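Before any comments, here is the structure.
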Amino acid sequence: MTDLLNYRIEVSGETGDRYDEILTPAALRFVALLDNAFAGRRRELLDARRLRREKLATGEETLGFLPETARIRSDESWQVAGAAPGLEDRRVEITGPPDRKMTVNALNSGAKVWLADFEDATAPTWDNVVSGQINLYDAIRRDIDFSTRDGKHYRIGDDPATIVVRPRGWHLVEKHIRIDGRPVAGALVDFGLYFFHNARQLLARGSGPYFYLPKLESHLEARLWNDVFTLAQRELGIPRGTIRATVLIETITAAFEMDEILYELREHAAGLNAGRWDYIFSVIKNFGERGADFVLPDRAQVTMTVPFMRAYTELLVRTCHLRGAHAIGGMAAFIPSRDPEVNAAAVEKVRQDKEREAGDGFDGSWVAHPGLVPVCREVFDEVLGGWPNQLGKLREDVVVTADDLLDVASAGGEVTEQGVRANVNVALRYLDAWLRGTGAAAIFGLMEDAATAEIARCQVWQWIRNGTKLTDGTAVTRELVTSMLEEELDSVRADLGAGNRLDDAKAIFAETALGEKLPNFFTTAAYARHLAG
Ligand SMILES: CC(=O)SCCNC(=O)CCNC(=O)[C@H](O)C(C)(C)COP(=O)(O)OP(=O)(O)OC[C@H]1O[C@@H](n2cnc3c(N)ncnc32)[C@H](O)[C@@H]1OP(=O)(O)O
Ligand SMILES: O=CC(=O)O
Ligand SMILES: [Mg+2]
């Protein structure tokens, strides 16, 4: 236990090689300072989330553009800080956890930006959290060369991607660091340690401290981040306005506050990203109890071209470009395969997704795998010509109403037995991987991560809740899904063999998909029980 100035800081996780280089007394004190300043507001905002969700669930409230911020939306004079060095051209961004090998591979992938992910793609084990920081520290200093046992050498090349770190969302805590007895916000651990150790080094190298902000639900949460940035910069003597943030618009509530989110962060904002998977999850979570009009079909049918998803992405481009912010596209989940035919189909699906985004005016987009960098780059090269972005494409033709954003029924489609089983099966496989410390996994040719797993379990819950009819007329009931769960478990168990965590995965699934109430996130309770025990 370290008693630093006024804070009682306890680090309880197991220690590992070089942890002491990251968890230095000064770095921990910096995290404590942030936590001390913002823990209360974080808790209030999480309470506000809960309250709003309850009101939306019962229909007591619905969503609309906020009357109290109308002036911010109609005032066309303000702009955000915009791109900083290394962020002018974001045509291809690769995402992935800051695992040591993937760090090097992502930086060398040819993508312009690497989103180093402590959120959807990382199971927040203590080791993943601290090792991720070590890997980033080394990568920034170009001190990360290593060889594997099979003789493969890893070394960062001459033109690495710009690093943009995605800290955990506000809902997660880090139980291995307690300040005055309280666990610290995971977001402040990931942000604070990275900023403390690397901000100056990044600036000296012509880059900067850049962040993706996940799972925001309102502009007040953006204000909180802005205040975190201001304090962090002041504390380390780094000029105000140095940080750049790209905010994920990945909740239905944030879609109604895009202008306001950019406004709150305008000194630090670089752009918005269309986080489609969490967005779908958020729609189900907030409107899952509101009857048939809000029931989504099989996950594979909720594509980006269904009207309510298209409305959200078009509004995002329009909002960004009016304010001088980059609009970054989302993740097509298809990943490369060793089977040439399957691979060609996957690449073609990704190409179509990126063509739609580029045509809509996005400035760049995400890929999940180095093998997909070329297709994304090709599509954006074609549209961008000699320009680094499409900020000049204002999309004034886009008119999106609240009804358009809420027209969930516009997805159409159907729910099939195969769709229910796929959700159960994929959720079990993903949860097993997550419990074993892997936050993103290739499952049946798709990238699965915390956001897609949330969709899988929430859809099942929503179909049970609504007694949704399958195509053969059978209603989805708890009993039906319980028997499917046993069958899918047997088949997954046969595939995974020994050492799996399927019993725990099954328990998490039952708790988060089959209960009366829909828990906000599977990650919160599962983290406390299994990763932080
Ligand atoms: C909803 C959202 O938030 S999307 C963003 C969050 N999700 C993600 O970031 C997912 C990122 N992608 C991944 O984690 C991985 O691509 C997976 C898990 C989907 C597939 O990984 P694998 O099964 O290892 O793929 P595969 O075997 O084809 O990998 C081939 C090589 O590419 C590397 N690679 C694969 N994906 C990535 C990546 N995203 N970043 C860096 N390197 C990668 C592998 O490390 C491997 O390297 P090697 O040849 O040196 O051994
Ligand atoms: O973070 C991205 C998403 O789609 O969720
Ligand atoms: Mg997400």
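Each number in this note's numbering corresponds to the 1-based position in the sequence shown with 184 added. Yeah, the Cβ is synthetic: ideal placement off N, Cα and C, and Gly gets one too. If you're wondering where the values come from, they're calculated on a predicted model, not measured in any experiment.
Specify which residues have a beta carbon nearer than 5 Å to any heavy atom of ligand 3, listing them in chain order. Asp304, Glu434, Gly459, Asp462, Ala635
Return helix, strand or coil for Ile318, following the three-state DSSP convention. Looking at Ile318 - three-state DSSP - the assignment turns out to be helix.
Within 10 Å of its beta-carbon, does Met185 have 16 or more other beta-carbons around it, so buried, or fewer, so exposed? Reliability fails at Met185, whose pLDDT of 44 lies under 50, so the model's placement of it is uncertain and the value that follows must be treated cautiously. Only exposed fits Met185, as fewer than 16 other CB atoms lie within 10 angstroms of its CB.
By the DSSP assignment, the beta strand (DSSP E) with Pro367 in it spans what residues? Unbroken beta strand (DSSP E) run through Pro367: 366-369.
At a cut of 8 Å, does the stretch 194-214 reach the stretch 372-383 through at least three beta carbon pairs? yes
Whole-number beta carbon distance between Ser466 and Pro719, since they are thought to touch under 8 Å: What is shown of the chain runs 185 to 717, which leaves residue 719 out entirely.
DSSP three-state assignment for Gly597, whether helix, strand or coil: coil
For Asp342 versus Lys399, is the C-beta spacing smaller than 8 Å? Not closer than 8 Å, so no.
Quick one: what does DSSP say Ala476 is sitting in, helix, strand or coil? helix
Given a cut-off of 8 Å on the beta-carbon distance, is the pair Ile512 and Asp547 in contact? yes
DSSP three-state assignment for Ala517, whether helix, strand or coil: coil
Opening and closing residue of the alpha helix (DSSP H) in which Thr430 lies: No alpha helix (DSSP H) contains Thr430, which is instead part of the beta strand (DSSP E) from 428-433.
Secondary structure of Ile328, DSSP reduced to three states: coil
Alpha-carbon spacing of Asp283 relative to Trp645, whole angstroms: About 33 Å.
Shorter than 7 Å, the distance from the beta carbon of Gly548 to the closest heavy atom of ligand 4, or not? Among the ligands modelled here, namely ligand 1, ligand 2 and ligand 3, ligand 4 does not occur.
Whose CA, out of Ile519, Leu250, Gly681, His714, lies closest to the CA of Asp633? Answer by Cα proximity: Ile519.
Residues of its chain near Ala617, where Cβ-Cβ distance is below 6 Å and the 5 sequence neighbours each way are ignored: Ala625
Which residue wins for smallest C-alpha separation from Arg384, given the options Trp409, Gly421, Leu680? Nearest of Trp409, Gly421, Leu680 to Arg384, Cα basis: Gly421.
Local conformation of Asp187 per DSSP, three classes: Any reading at Asp187 must be qualified, since the residue scores a pLDDT of 49, below 50, and its modelled position is unreliable; no value is offered.
Close beta carbons around Asp187, own chain, < 7 Å, minus the five adjacent residues each side: Confidence at Asp187 is low in this model, with a pLDDT of 49, below 50, so its placement is unreliable and the value that follows should be read with caution. In its chain, beyond the 5 residues on either side, no residue has a beta carbon closer than 7 Å to the beta carbon of Asp187.
Given Leu387 as reference, the closest of Arg428, Gly623, Asp364, Leu480 once Cα atoms are compared: When only C-alpha atoms are compared, the closest one is Arg428.
Just reading off the alpha helix (DSSP H) that Val559 is part of, what are its end residues? DSSP places Val559 in the uninterrupted alpha helix (DSSP H) bounded by 557-568.
Between the Cα of Ile256 and the Cα atoms of Val486, Pro558, Ala454, Thr503, which residue gives the shortest distance? Thr503
Among residues of its own chain, excluding the 5 on either side of Ala305, which ones have a beta-carbon nearer than 8 Å to its beta-carbon? Thr279, Gly280, Pro281, Gly623, Ala624, Asp633, Ala634
Leu686: which of Lys577, Glu260, Val608, Leu356 sits nearest, CA to CA? Val608
Val567 versus Lys577: straight-line alpha-carbon distance, rounded: 11 Å
Between the Cα of Asp141 and those of Ala517, Gly570, Ala586, Leu499, spot the shortest distance and give me the residue it belongs to. Here the chain comprises residues numbered 185 to 717, so residue 141 is not present and cannot be evaluated.
Does the Cβ of Gly514 lie closer than 7 Å to at least one heavy atom of ligand 2? yes
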